[in-house]
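**Q**
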Amino acid sequence: MRFGDVHVADGVLAHGRSLVRPASRHLVQLSLRSVAIATATGRPPEVTFVHRHGSRSRDDRPQLPGRGLRSRATPARSDVRGGRDVHPRGAGRRQHRRRHRTRHRTARRGAGRAELPQPRRGTGVRRGQHLDGVPGEGHRRSHRRPRPRGSPRRIRARAQRSARRAARIARGLGRLRTRAVRVHVVVPADDQPSGGNVYDRHATAGLAALGFDVRVRALAGTWPQPDDDARDRLAEVLASVPDGGAVLLDGLVACGVPESIGAHADRLRTAVLVHLPLAEETGLNPATTARLDNAERTTLRAADLVIATSPQAAQRLARHHGLHRVRTAAPGTEPAALVPGTDGVSRLLCVASLTPRKGHDVLVEALANLPLTCDFVGPAPDPDRVRRLIEHHEGIRWRGPLHGAELADAYASADLLVQPSLAETYGMAVTEALARGIPVIASAVPDALGDGGLLLQPGDTAALTEALRRWSDDPDFRSRLRASSLRRRDQLPTWESTARQLAAALTSLEA
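Numbering (this note's numbering), first residue to last: 1 to 511.
In structure tokens, the structure reads:
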């Protein structure tokens, strides 16, 4: 070991501060002053042993240089590794981690140490303060004279605390609060009973019950192919709606006049409710079908929102017209009591407007050689066609459109509902029969029927004939259909759910 240049030959480089002597397994300490004296006198420098502190061994490792090393054997606490293991000098009161220390201890005692400015720290809280939404800081205590040690803490009565908490809870907590949304509903002025008219009536009543400000405008006309007067009336109705207003239009009115809807597309928020795509109506010549289909596509693409009455109808509309998204609001069902029927077999019922799309001709052919009777209930745009259709079938009777008690009596006497439609979006007559426990054989109504009856392919006369023969001859088949209708009866949607779906769709127009 040479002392002139502070070089250690038999240990670890210390650079005039400290080193570890491997043989002694102790931490030793050299000061620059002792090294200088040893160099001048030729005697070995003064070596001070410092005891290790803490649970971790530091054998054969140098100690990093630090401030304030002591020459005595007392522990250098600020420089010993693992200082967290060294016991504090004395137990003292710890500062609460959630409170600010207003002044440094030496500053409070009047010492010369200056307190650094803290411009971003707010002033002290003079009285109780509630911090809403701050974790762990619901109530911050004010600066006040500390309570003497040993004095009892004042405890507020439980009733007073509960009353104070209750006063801070807003009335109607958990209740959805929305401002009234005004919606203008445009429907065809048609007094004839149909699924679309029943839907519109229940939908407007349901929206009003949910708090919507509903303004209904019923327009007369031969929709979806109106004359000029009907077009002008629709234009006047749309022009009377203020800018930014929400308008719900029945598809029968809107889809045939795209020019009227497009003229207000940038000014109004429009939603079109499609009960049946226009091109799916049967009995039209190909040119009329193509024109209505193009008009419907233009209207739906110009609208802000398109609503269909069944999931399958929504998929067909989106795929056929290239729409990005179509919302669904399925029709509901009014609760009804179970009906007795007639004899459980012979009385059949078909509730539908007598148009080619409803498939009455298929049903007439299937009933030709069966001992069953059937009532046709519904309006007929062409009465002469209906009379020609049934004139050779004594068991078939056309009763025209029925309402209220008369329609209820028709359901009450029915043993089986038959709906041989060629195309439908939902089929509300099916759910009305299922609500009364009436078995159903139908086609083109998968969403309404579910597993509540027998679903056939549209236009399949042979399949319908075989199904009706089994109904007439097989008691087990009749029992299974009745059981299916009763199971489906408990699963039918309500008109309240329809209104809520429409409300959610219309509310999205405001986004």
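Backbone N, C-alpha and C fix where the C-beta goes; we use that ideal spot for every residue, glycine too.
Using the Cβ count rule (16 or more neighbours within 10 Å means buried), how would you classify R489?
**A** Per the 10 Å Cβ criterion, buried.
**Q** Specify, as a first and last residue, the run of the beta strand (DSSP E) that V306 falls within.
**A** First-last of the beta strand (DSSP E) with V306: 305-308.
**Q** Starting from W471, trace the beta strand (DSSP E) in both directions and tell me its first and last residue.
**A** It is not in any beta strand (DSSP E) - W471 instead sits in the alpha helix (DSSP H) that spans 461-473.
**Q** Would you check if the distance between the CB atom of G251 and the CB atom of H184 is smaller than 9 Å?
**A** No.
**Q** Taking the alpha-carbon positions, what's the L273 to D474 distance?
**A** Cα to Cα, the separation comes out at about 42 Å.
**Q** With 16 as the cutoff for other CB atoms within 10 Å, does A435 come out buried or exposed?
**A** By the 10 Å Cβ count, A435 comes out buried.
**Q** Where does D232 sit, in a helix, a strand or coil, going by DSSP?
**A** Three-state DSSP puts D232 in a helix.
**Q** Can you find the residues in the same chain that come closer than 8 Å, C-beta to C-beta, to L268, ignoring five residues on each side of it along the sequence?
**A** Taken in chain order, the residues that qualify are L238, V241, D243, G244, G245, A246, V247.
**Q** Among V181, P277, E280, L292, which residue has its Cα nearest to the Cα of Q225?
**A** Comparing Cα-Cα distances from Q225 to each of V181, P277, E280, L292, the minimum goes to L292.
**Q** Go ahead and label R319 buried or exposed: buried means 16 or more other beta carbons lie within 10 angstroms of its beta carbon, across all protein chains shown.
**A** When all chains shown are included, R319 counts as exposed.
**Q** Skipping 5 residues on each side, what residues in its chain have a beta carbon closer than 6 Å to that of R182?
**A** Closer than 6 Å at Cβ, skipping near neighbours: D213.
**Q** Can you list, in chain order, the residues of its chain whose CB lies under 6 Å from that of G195, leaving out five sequence neighbours each side?
**A** For G195, where only same-chain residues beyond five positions count, the Cβ hits under 6 Å are M428.
**Q** With DSSP run on the structure shown, which of helix, strand or coil describes P188?
**A** The answer is strand: DSSP assigns P188 an E or B state.
**Q** Using DSSP with H/G/I as helix, E/B as strand and the rest coil, what is G400?
**A** It is a strand residue.
**Q** Tell me whether S421 sits in a helix, a strand or coil according to DSSP, three-state version.
**A** Reduced to three states, the DSSP call for S421 is coil.
**Q** Since V321 and R357 are thought to touch, with beta carbons under 8 Å apart, how far apart are those beta carbons, to the nearest angstrom?
**A** A quick correction: the sequence has His, not Val, at residue 321. H321 to R357, Cβ: 20 Å. No contact.
**Q** Give me the Cβ distance between P458 and A423, rounded to the nearest whole Å; I'm assuming they're in contact under 8 Å.
**A** Rounded, the Cβ-Cβ distance is 7 Å, consistent with contact.
**Q** Whose C-beta lies closer than 6 Å to the C-beta of R215 among residues of the same chain, with five residues either side of it excluded?
**A** Cβ neighbours of R215 beyond the five flanking positions: H184.
**Q** Cutting at 7 Å between CB atoms, please list the residues of its own chain near D200, excluding the five before and the five after it.
**A** So the list reads V187, D250, once near-sequence residues are dropped.
**Q** Please identify the residue among S260, A279, A265, Y411 whose C-alpha is closest to the C-alpha of A336.
**A** Checked all of S260, A279, A265, Y411; the closest Cα to A336 is Y411.
**Q** Compute the distance between the beta-carbons of H202 and A503, then report whether it is under 9 Å.
**A** Not a contact, by the Cβ cut-off of 9 Å.
**Q** Report all residues from its chain with a CB closer than 8 Å to the CB of E510; omit the five preceding and five following residues, and keep chain order.
**A** The answer, listed in chain order, is V181, A246, R269.
**Q** Do P439 and S472 count as a contact pair if the criterion is CB distance below 9 Å?
**A** No.
**Q** Note down, in chain order, each residue of its chain lying with its Cβ closer than 6 Å to the Cβ of V445, except the 5 sequence neighbours on either side.
**A** These residues qualify, in order along the chain: E424, G427, V430.
**Q** Taking the DSSP output, what are the residues bridged to T527?
**A** Since the displayed the chain opens at 1 and closes at 511, residue 527 lies outside it and no answer follows.
**Q** Could you check the C-alpha separation between V377 and D266 for me, to the nearest Å?
**A** When rounded, the distance between both Cα atoms is 43 Å.
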